[in-house]
Amino acid sequence: MTADQLPISKSAVIKDVLDSPLKINLMELGFLPGKKITLQHVAPLNGPMAFRLEESTLALRKAEAALLDIQLL
Amino acid sequence: MPEQTQSPLVKPLKIAIIGNPNVGKSTIFNQLTGLSQKIGNYPGVTVDKKIGMMNYQGSTYEIIDLPGTYSLYPNSEDEIIAHRVLNQLSEVERPDYVLMVIDSLQLSRGMFLASQLIDLGLNLALVLNMSDLAEKHDLEIKGFELFKALGVPILNTDARGSKGLEQIRELIHQKNFSKKSQFLQVDDFIDSSLLQDIKEKFDLSNDYQAYQILRFGLKDKGLPLEKRQWVKNKIDSLNINLESAQLEETKLRYRKITGIIEKVLVKKEDRKVSSNTIDKIILHPVFGYLVFASILLVIFQAIFAWATVPMDLIDGVFADLGTWVSTVLPEGVLTSLLAEGIIPGIGGIVIFIPQIALLFGFLAILEDTGYMSRVVFLMDRWMRPFGLHGKSIVPLVSGVACAIPGVMAARNIGNWKEKIITIMVTPLMSCSARLPVYIILIGLVVPNETVLGFINLQAVALLSLYLLGVIGVLFTAFGLKSILKTDEKSFLMVELPSYRTPRWKDVIITMYNKSKTFVTEAGKVILAISIILWVLGTYGPPEKMEEIRAERDQKIELASSEVEIEEIRAEASSDLLENSFIGIMGRAIEPAIRPLGYDWKIGIALITSFAAREVFVSTIATIYSIGGDPEDDSTIREKLNAQINPVTGDKVFNKATAFSLMVFYVFAMQCMSTLAIVYRETKGWKWPLIQTVYMTALAYISALITYQILS
Chain A
4 MTADQLPISK SAVIKDVLDS PLKINLMELG FLPGKKITLQ HVAPLNGPMA
54 FRLEESTLAL RKAEAALLDI QLL
Chain B
63 MPEQTQSPLV KPLKIAIIGN PNVGKSTIFN QLTGLSQKIG NYPGVTVDKK
113 IGMMNYQGST YEIIDLPGTY SLYPNSEDEI IAHRVLNQLS EVERPDYVLM
163 VIDSLQLSRG MFLASQLIDL GLNLALVLNM SDLAEKHDLE IKGFELFKAL
213 GVPILNTDAR GSKGLEQIRE LIHQKNFSKK SQFLQVDDFI DSSLLQDIKE
263 KFDLSNDYQA YQILRFGLKD KGLPLEKRQW VKNKIDSLNI NLESAQLEET
313 KLRYRKITGI IEKVLVKKED RKVSSNTIDK IILHPVFGYL VFASILLVIF
363 QAIFAWATVP MDLIDGVFAD LGTWVSTVLP EGVLTSLLAE GIIPGIGGIV
413 IFIPQIALLF GFLAILEDTG YMSRVVFLMD RWMRPFGLHG KSIVPLVSGV
463 ACAIPGVMAA RNIGNWKEKI ITIMVTPLMS CSARLPVYII LIGLVVPNET
513 VLGFINLQAV ALLSLYLLGV IGVLFTAFGL KSILKTDEKS FLMVELPSYR
563 TPRWKDVIIT MYNKSKTFVT EAGKVILAIS IILWVLGTYG PPEKMEEIRA
613 ERDQKIELAS SEVEIEEIRA EASSDLLENS FIGIMGRAIE PAIRPLGYDW
663 KIGIALITSF AAREVFVSTI ATIYSIGGDP EDDSTIREKL NAQINPVTGD
713 KVFNKATAFS LMVFYVFAMQ CMSTLAIVYR ETKGWKWPLI QTVYMTALAY
763 ISALITYQIL S
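Chains A and B, in that order, give the protein sequences. FYI, in the working numbering the residues of the first sequence are 4 to 76. FYI, in the working numbering the residues of the second sequence are 63 to 773.
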């Protein structure tokens with residue numbers, strides 16, 4: 004599954020960052036294979052999603068979250 | 063050869079500050095340089111160059127603040143700057159030293175950029191900022207281990223405290239920076255013979271710099287065409303996939319960093335996160351928006367309540383100054399230019415300062431506390447259907463007070479298309495300068511009555527005008543979304559930083575610098591237009607103007623009382639305005655504005671208020687030759703109410719005309735300060751011109767429809 008389908012307050016491990024022009028941007032922010040993410044907040048009407056990644060909280064749109072291939076924990 | 067005299071002033075050392083967004087970089091820059099900041103230009107981009115001087119123990123240092131970035135690979139215009147400054151090929155432009163600020167809680171992300179800087183062969187020092195937060199999170203960073211791994215000086219500090227800043231000053235003063243050869247082997251992901259070729263061609267010694275040329279040389283307009291072509295040929299002939307090379311680099315880099323982090327970072331205990339509890343409310347699908355709305359309400363309340371006092375004061379001072387100049391100096395063209403052109407022109411600039419300063423103060427607080435990113439998170443979904451970005455909310459909200467700081471705030475938006483749309487629509491939000499126009503016209507035609515027990519009709523009318531502005535924003539943004547084209551992909555990747563208390567000194571410095579930028583940059587254009595308007599309003603066909611003046615002087619001689627003289631003067635100045643070039647222009651546009659329900663007198667007011675909307679009230683007052691106190695609304699209102707159209711016998715300011723005018727002012731540009739700032743932010747006349755034409759057309763059509771329906 005991809006991170007846009009992660010239920011709220013659930014955690015997952017990133018398996019892969021899918022190919023896209025934004026792949027490098029995501030990796031630069033620290034979304035790397037092996038890292039654990041937790042979905043903390045979702046804005047209404049399929050708005051942005053806020054993930055906990057290590058010590059930081061990062062917001063992504065659903066389309067960007069869909070680029071993270073994850074394994075549910 | 064002439065003898066060269068060595069200047070005793072040695073050129074100050076240049077230190078660039080760089081870091082990820084939200085690491086407290088700007089705070090450090092503000093605290094080091096204080097009020098000595100200057101805004102300059104980078105050629106070819108709209109991003110400002112922020113430079114400040116730091117004086118420490120008798121030495122002066124030039125500090126350059128680079129926009130926050132996660133890597134040397136630019137995504138927004140902001141980030142191109144960091145890339146460009148650090149990759150400057152000429153030694154003159156290149157900073158002598160680079161100070162990189164890292165958030166102690168985000169060590170690996172910071173090290174990503176730091177390791178790229180090391181690879182570029184820069185003289186580098188790292189500041190591990192917010193070490194206090196790291197302690198709170200039970201994280202320990204082994205500074206010496208990190209130093210061993212990276213080979214550059216590392217300062218562990220909290221720049222929010224004065225001790226931390228002193229340490230940073232000392233570090234700069236001691237020139238405690240160093241160069242380390244390489245972090246990554248560039249030939250691990252790019253062929254080494256190609257790197258060798260580039261180094262020879264561009265006269266470089268550094269592999270990573272050579273690689274950067276390969277990666278971005280094509281897009282860098284700073285390079286000569288011949289060299290760009292050379293790079294393109296290389297890429298094409300060797301069939302290099304730059305994307306995959308960059309991906310490979312990113313992987314290698316993070317792998318190495320992860321190895322270092324394992325040795326350097328000690329997590330004492332796995333703890334729950336604290337920011338999260340506040341965010342449960344702030345980011346709540348219902349309460350989050352309520353909190354945001356309440357904060358907006360407080361800000362506007364404060365701006366309207368606090369800014370009016372200094373604004374009235376400024377207004378008064380400049381009016382008095384104008385009067386004083388015209389009484390003290392001998393009568394003549396120069397005096398008139400000074401008293402009626404230049405002084406009100408400068409006054410028209412200065413009067414915006416309280417609002418701009420306050421608004422930027424509030425924005426700085428919201429930014430500093432970390433709340434602004436939350437607003438972006440909450441609003442992004444609502445903005446997107448209109449071609450706007452979550453970050454557009456800041457300019458739009460500011461626009462209700464004043465479009466000028468709003469347009470300035472659009473700079474943070476990375477995507478070109480979203481930035482242009484935001485700048486184009488922000489002036490459609492009803493700003494505070496429209497308020498006097500609305501109030502006087504509503505007072506004329508909307509009865510001050512209450513319906514259903516609590517709804518005041520005048521308040522409803524005022525609210526409707528504001529809503530009309532918002533509709534204009536959404537409509538226009540939606541239209542532009544389908545017209546403008548860009549290859550850039552819109553995305554949102556924003557960090558929600560931990561909440562922090564704002565630094566007040568930092569807030570004040572921001573307020574000061576933003577106001578200064580406005581006065582110096584927009585001021586020039588505003589002053590020029592004020593003078594043009596003065597010329598057009600003062601001069602007319604000479605014979606006619608002379609005739610009016612002679613008649614006036616004759617009447618004054620015959621007048622018996624002071625009151626009568628005042629009346630004659632007022633009438634004459636109204637006649638002079640009617641026959642000036644502006645008056646002639648007003649008459650010329652009358653056929654065009656008649657369908658909107660305006661006569662040529664209103665036409666004059668439309669032209670003069672092009673400088674600033676609120677001028678409408680004073681022009682109308684002059685034209686209808688109202689003596690006495692122009693600040694007294696009721697007299698203006700009574701006079702306007704008494705104006706009768708000689709042809710139809712109706713009131714000039716009937717319901718249809720008044721509403722048509724209000725609608726016109728909702729949409730029309732009518733503000734040269736905004737025009738000037740849009741020119742500045744887009745670095746050209748194209749967008750401000752399109753904007754003016756569009757807004758005027760929108761205003762005209764809407765006013766036409768309004769009048770035709772109501773009359």
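C-beta: ideal position from N, C-alpha, C; glycine also. On a predicted model such as this, the values are computed, not experimentally measured, just so you know.
The straight-line gap separating the alpha-carbon atoms of B:THR736 and B:GLY585 is approximately 11 Å. Put simply, of B:ALA730, B:LEU182 and B:LEU425 the residue whose alpha carbon is nearest the alpha carbon of B:SER267 is B:LEU182. Between B:LYS479 and B:GLU550, the C-beta gap is smaller than 8 Å, which places the two residues in contact. Against chain B, the beta carbon of A:PRO10 has no neighbour under 8 Å; the closest one sits roughly 16 Å away. In the DSSP assignment, A:ARG55 falls within the unbroken beta strand (DSSP E) covering 52–56. Exclusion of the five residues before and after B:ARG675 leaves ALA495, ARG496, VAL499, TYR727, GLN732 and CYS733 as the residues of its chain whose Cβ lies within less than 7 Å of its Cβ.
Collapsing the DSSP output to three states places B:LYS745 in coil. Any Cβ of chain A closer than 8 Å to the Cβ of B:PHE553 would place that residue at the interface, and such an atom is present. By the 16-neighbour rule on beta-carbons within 10 angstroms, B:PRO457 is buried.
Residue burial annotation: B:PHE206 is exposed, with fewer than 16 other C-beta atoms found within 10 angstroms of its C-beta. B:TYR574 carries a helical assignment under DSSP once its states are collapsed to helix, strand and coil.
For B:PHE174, at least one C-beta of chain A is nearer than 8 Å to its own C-beta. Within a 10 Å sphere around the beta-carbon of B:SER544 sit fewer than 16 other beta-carbons, which makes this residue exposed. Within the model, the alpha-carbon separation for B:VAL360 versus B:ALA367 is close to 10 Å. At least 8 Å separates the CB of B:ASP220 from every CB of chain A. In this model, B:ALA472 and B:LEU399 are separated by some 36 Å (Cα to Cα). Residue state for B:ASP377 is assigned as helix, using DSSP reduced to three classes. Here the C-alpha atom of B:PHE174 lies approximately 31 Å from the C-alpha atom of B:ILE344.
Taking 9 Å as the cut-off between beta carbons, the residues of the region 446–472 of chain B near chain A are ARG446 and GLY452, in sequence order. Excluding sequence positions up to five before and after B:ASN707, its CB lies within less than 6 Å of the CB of VAL714, all in the same chain and listed in chain order.
Put simply, of A:ASN28, A:SER23, A:GLU57 and A:ILE27 the residue whose alpha carbon is nearest the alpha carbon of A:SER14 is A:GLU57. DSSP places A:VAL20 within a strand segment (E or B) once states are collapsed to three. Nearest to B:ARG231 by C-alpha distance, out of B:ILE260, B:LEU94, B:ARG611 and B:ILE502, is B:LEU94.
Contacts with chain B (Cβ-Cβ distance below 9 Å) from the region 63–76 of chain A involve LEU63, ARG64, ALA66 and GLU67, listed in chain order. Rounded to the nearest angstrom, the gap between the Cα atoms of B:SER623 and B:GLN616 is 14 Å. Cβ neighbours of B:VAL437 within its own chain (closer than 8 Å, five residues either side excluded): PHE354, LEU428, GLY452, ILE455 and VAL456. Using a Cβ-Cβ cut-off of 8 Å, A:SER14 does not count as an interface residue toward chain B, since no Cβ of chain B sits closer than that to its own. Within the DSSP secondary-structure output, B:CYS733 pairs in a beta bridge with B:ALA674.
Contiguous alpha helix (DSSP H) elements confined to the region 414–483 of chain B occur at 415–431, 433–445, 455–463 and 465–471, taking only those with 4 or more residues.
At a beta-carbon threshold of 7 Å, none of the residues of chain B lie near A:LYS18; the nearest stands roughly 15 Å away.
Under DSSP, the beta-bridge partners assigned to B:ALA78 are B:ILE126 and B:VAL160. Interface criterion not met: the Cβ of B:ASP298 is under 8 Å from no Cβ in chain A. For A:LEU42, no CB of chain B lies under 8 Å from its own CB, so it is not counted at the interface with that chain.
Buried is the label assigned to B:ARG565, since at least 16 other Cβ atoms lie within 10 Å of its Cβ. The Cβ atoms of B:GLU393 and B:TRP596 do not sit closer than 8 Å to each other.
Under the Cβ criterion of 8 Å, A:MET4 is not counted among the residues facing chain B.
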